[in-house]
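Counted from 1, the sequence shown has number 377 at position 163 by this note's numbering; the numbering is strictly sequential.
Think of the CB as a built atom: it goes at the ideal place given N, C-alpha and C, for glycine as much as any other residue.
Since this is a predicted model, take the numbers as computed values, not measurements.
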Amino acid sequence: MVILADLFGITMLEYGFMHRAFLVGVLIAVMAPLIGTFLVHRQLALIGDALAHTAFAGVAVGLFVNAVLGTGISPYLTAVVVAMLAALAIELISEVTDAYNDVSMAIVLSTGFALGAVLISLNSGGLAVGVNQYLFGNLSTVSNENTILLLGLFAVISLVVAVTYKQLLYVTFDETAARVAGINVPWYNRVVAMLTAMVVVGAMQIMGVILVAAMLVVPVAGATQVARSFREALLASVILAELAVLIGITLSFHYEATAGGTIVLVAVGLYVVAVLFGKLQAERTVAVDSAPAAADDPAD
């Protein structure tokens with residue numbers, strides 16, 4: 215990146231924190247659609263929001279422990295642990311109580327955010343300043359430690375999806391048939407939930423808790439407008455996410471805007487473009503299909 219900065223005079227690439235920001239952003243733009251595509255097709259788009267608010271509780275736990283005990287534990291590490299436990303809780307609540315997924319997600323979301331708020335208040339508001347960067351994201355706070363943590367999460371997510379892709383695909387489109395085929399559906403549901411928790415915590419560095427769920431949904435929603443198969447949707451969603459991240463980070467740096475908000479706005483803009491392109495593509499297909507019928511019409 216330093217070489218590119220020298221060759222093309224790109225000022226933002228001269229800073230180390232921007233190198234880390236772009237690396238983290240590129241990885242997030244792969245991880246989020248990779249899991250988000252399964253979530254959207256399973257109508258579980260809101261689980262990202264639930265786990266993001268629970269990850270906020272994990273951050274609050276880390277900050278609280280550091281403030282009270284003076285430890286140097288990373289809030290992102292505690293966020294990973296708490297978010298993964300919350301992901302399991304969502305699945306267990308649904309299984310044990312026969313409640314719909316949206317009910318279990320609402321319970322976990324409320325509990326997580328309430329826990330975070332209580333921990334912050336117990337420290338007489340002393341954590342409020344420290345927690346802002348986790349709520350809204352910040353390019354300049356992406357440290358080497360957090361980048362290494364994200365690289366680890368990226369490796370785990372990519373490996374698990376690669377190994378379990380066929381089973382996850384089966385469970386996504388036909389749970390009943392998957393059960394009949396002998397696939398352990400509850401287990402794979404938990405796997406997806408825990409992978410989602412990892413993505414949420416990883417993306418939280420740049421996106422912030424409030425906007426992190428958007429990267430799981432918006433690029434995938436745009437991809438479904440132009441793709442004709444699951445694989446095409448997966449690939450298209452990664453491309454849209456990469457564009458949103460790269461353009462969003464660049465605009466955020468130049469205009470000193472919030473990175474997470476800028477990325478989401480770009481992603482929504484790309485979604486609108488994808489919808490329009492999909493509509494035009496559908497109209498052209500209809501026109502081509504109807505042309506032979508019109509030519510053979512006896513009335514002509």
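Of the residues assessed, Gly396 falls on the exposed side of the cut-off, its CB having fewer than 16 other CB atoms within 10 angstroms. Distance from the CA of Gly416 to the CA of Ser354, rounded to the nearest whole angstrom, comes to 15 Å. If the five residues before and after Thr292 are omitted, its C-beta is found closer than 8 Å to the C-beta atoms of Gly272, Val273, Val275, Gly276, Val279, all from its own chain and listed in chain order.
Take the alpha-carbon of Met298 and the one of Thr472: they are about 27 Å apart. Arg498 sits in a helix when the DSSP states are folded into three classes. Close CB contacts of Glu305 within its chain, under the 8 Å cut and outside five residues either way in sequence, are with Ser318, Pro400, Asn403, Arg404, Ala407 (chain order).
The C-beta of His468 has fewer than 16 other C-beta atoms within 10 Å across all chains shown, which makes the residue exposed. Here Ile477 carries a helix assignment [DSSP, helix/strand/coil].
For the pair of segments examined, the segment 255-273 was found not to touch the segment 455-470: the number of CB pairs separated by less than 8 Å stays below three.
Between the alpha carbons of Leu248 and Leu448 lies a distance of about 7 Å.
Scanning Phe491, Tyr485, Val240 for the CA closest to the CA of Glu456 turns up Val240.
Residues of the same chain with a CB within less than 6 Å of the CB of Pro289, apart from the 5 flanking positions on each side, are Val273, Gly276, Leu277 in chain order. Rounded to whole angstroms, the gap between the alpha carbons of Glu470 and Leu484 is 21 Å.
Per DSSP, Asp312 lies in no alpha helix (DSSP H) and is assigned neither H nor E.
Exposed is the label assigned to Gly286, since fewer than 16 other Cβ atoms lie within 10 Å of its Cβ.
In this structure Val434 does not touch Gly230 by the C-beta definition: roughly 32 Å separates them, more than the 8 Å allowed. A Cβ-Cβ separation of about 6 Å places Val244 in contact with Val452 under the 8 Å criterion. Distance from the CA of Leu494 to the CA of Val254, rounded to the nearest whole angstrom, comes to 23 Å.
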